[in-house]
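Q: Starting off with a structure, shown below.
Protein chains: 2
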Amino acid sequence: MDRPSPAVQDYLKAVYQLGESSETEGPITTSQVAEALAVTTASASNMLKKLDALGYVVHVKRQGVELTDSGRQAALEVIRHHRLLETYLATRLGMSWDEVHREAEVLEHHVSEALAARIAEELGHPERDPHGHPIPTIGGQVASPPSQRLSELPDGATAVVGRVDDHDDALLRFLADRGLVPDARVEVLEHAPFGGPISVRVDEDRVVEVPPEAARAVHVE
Amino acid sequence: MDRPSPAVQDYLKAVYQLGESSETEGPITTSQVAEALAVTTASASNMLKKLDALGYVVHVKRQGVELTDSGRQAALEVIRHHRLLETYLATRLGMSWDEVHREAEVLEHHVSEALAARIAEELGHPERDPHGHPIPTIGGQVASPPSQRLSELPDGATAVVGRVDDHDDALLRFLADRGLVPDARVEVLEHAPFGGPISVRVDEDRVVEVPPEAARAVHVE
DNA sequence: TTCGATTGTTATGGCGCCCTAAGAACCGGT
DNA sequence: ACCGGTTCTTAGGGCGCCATAACAATCGAA
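Protein sequence lines, in the order shown, are assigned to chains A and B. Numbering-wise, this note's numbering puts 144 at position 144 of the first sequence, and it's gapless, one number per residue. Numbering-wise, this note's numbering puts 171 at position 171 of the second sequence, and it's gapless, one number per residue.
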């Protein structure tokens, strides 16, 4: 029961996150995984076959893969490490949101369970990372509150920011600049026509313009 | 100018440390390196040839290797990371000496320069790690004070512990138990005959018995 | 329903780093 | 000067993970 290699961990994480973020149920395809990891579909195909052999996924030929319990468990462990590291590096070492993500992407594969546990303790077992994403427990529980995207709220609606997608550093900075961080209160004022920006009042205070692509990355509750 | 692979870093570190700890001048042999890294001499031979090609060492066939400036620089960077991590994990996360060493052995290859710099800053740019080993600067300066081993002191001599070798977890705990940590004052009382233990008064207080092998791991000034 | 485009798979090879086996160079003793 | 033992190097193979190329299955449009 050795720890899976970094490559295997990356694949499992990708499969898990693709399953999370896709509206549609069912298997994750080879090409989705390949794109997420920036490898060829041939490489992904080989690796998914291997993950099946290792018992982490069920691979149905020409359909895709679905995580087994063991695979989900392994994926959540990596995600737990990632988010604990992000939180620690941001709050205890004052690193910026974008630095933190890159750093955690590497270190998540190399911190021991003991260190992860110490970090969690030191942070008081937080439930969310700085972007608002839930931190799985050691047992593999994840709180994932139902959420809506800011882009889908009607004019006049108010809500609280739950989390923001952290795939793009520039977008992250853009949102942070405008106060769109977890726990911010937002009120949708109006949608400009023809795919224009959305006017949003943030924290009962300033009004900012949020382009649709950015609004899609903000999840509210 | 990519970062060398973890394997390359491990070899460079080993060559550097073998050069440090050996009394004799001159090249480091293939088998010394092989033993230090627990690989076969064949593997070491191949890798040393490769390090030569990369410009990190000069390899003279059947003689051994010596670090180039570039190799020494790379080795010191790894050692810097290792010792900063040890210091950080011990003082800020309360991990024990032995846990800390294993953890740093892995993480030293994966922390970014930015993170290493943040850690150094957070710690106030310490000059030594918890075992008393000097922490190289970014530029590659190392303070290495002349030192003698506790095992070599004559009866009646007094000195201050500078550093202790950290290769063996059990030994480390043994020494820590007896107060033989950096900055402890020691007075040699007597050597038992036939390779018996050395009686040492620690911090003008308790008297402990130190077997010769343990005494060799304690460096005093 | 047939054919081209799309998507997935298999085959094969490269690269890094390890191994074992075998051979070459060097050492000390006689 | 030779011979046996030690040390080092070379040769060849394995494993993990990536790639490219070629082939197979599937989908959808006419």
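All C-beta atoms in this analysis are idealised placements derived from N, C-alpha and C, irrespective of residue type, glycine included.
Once DSSP output is grouped into helix, strand and coil, what is the label at G228/A?
A: The shown model of chain A, from 1 to 221, leaves out residue 228/A, and the question about it has no answer.
Q: Give me, in chain order, the residues of the same chain whose beta-carbon lies closer than 7 Å to that of T30/B; leave out the 5 immediate sequence neighbours on both sides.
A: Taking C-beta separations shorter than 7 Å and ignoring five residues to either side along the sequence, the partners of T30/B in its chain run T41, A44, S45, L48, G64, following chain order.
Q: Please check the pair V33/B and V15/B, which I expect to be a contact at CB under 8 Å, by giving their CB distance rounded to whole angstroms.
A: 6 Å
Q: Taking DSSP as the reference, what is the three-state secondary structure of P6/B?
A: helix
Q: If we cut at 7 Å on Cβ distances, does E86/A have a partner in chain B?
A: no
Q: Just by C-beta distance, which residues in the region 111-136 of chain A are closer than 8 Å to chain B?
A: Contact residues of the region 111-136 of chain A toward chain B are V111, S112, A114, L115, R118, I119, E122 (C-beta to C-beta distance below 8 Å).
Q: What's the C-alpha gap between D166/B and V218/A?
A: 49 Å
Q: Return the residue from the list I79/A, V208/A, D203/A that minimises the CA-CA distance to G196/A.
A: V208/A
Q: The beta strand (DSSP E) that contains T40/A, what's its start and end?
A: That residue, T40/A, is in no beta strand (DSSP E); it is neither H nor E in DSSP.
Q: Could you have a look at R92/B and say whether DSSP puts it in helix, strand or coil?
A: helix
Q: Return the chain-ordered list of same chain residues with a C-beta closer than 6 Å to the C-beta of H109/A, the five sequence neighbours on each side being excluded.
A: P6, Q9
Q: By alpha-carbon positions, which one of W97/B, R80/B, A143/B, V106/B ends up nearest to A117/B?
A: Taking only the C-alpha atoms, the option nearest A117/B is R80/B.
Q: L107/A versus chain B: which residues are under 8 Å apart at the beta carbon?
A: Chain-order list of chain B residues neighbouring L107/A: L107, H110, V111, by C-beta distance under 8 Å.
Q: When Cβ atoms are compared, which residues of the region 86-101 of chain B fall closer than 9 Å to chain A?
A: Per Cβ criterion, the list reads L89, R92, L93, G94, M95, E99.
Q: Skipping 5 residues on each side, what residues in its chain have a beta carbon closer than 8 Å to that of T91/B?
A: L123, P130
Q: Between V161/B and A184/B, which are expected to be in contact by the criterion C-beta below 8 Å, what is the C-beta distance as a whole number of angstroms?
A: 5 Å
Q: Assign M1/A to one of two classes, buried (16 or more other C-beta atoms within 10 Å of its C-beta) or exposed (fewer than that).
A: Under this definition M1/A is an exposed residue.
Q: Evaluate the contact criterion for the region 145-159 of chain A versus the region 87-107 of chain A: three or more CB pairs, one atom per stretch, below 8 Å.
A: no
Q: Give a yes or no on whether the minimum CB-CB distance between E77/B and chain A is below 7 Å.
A: no
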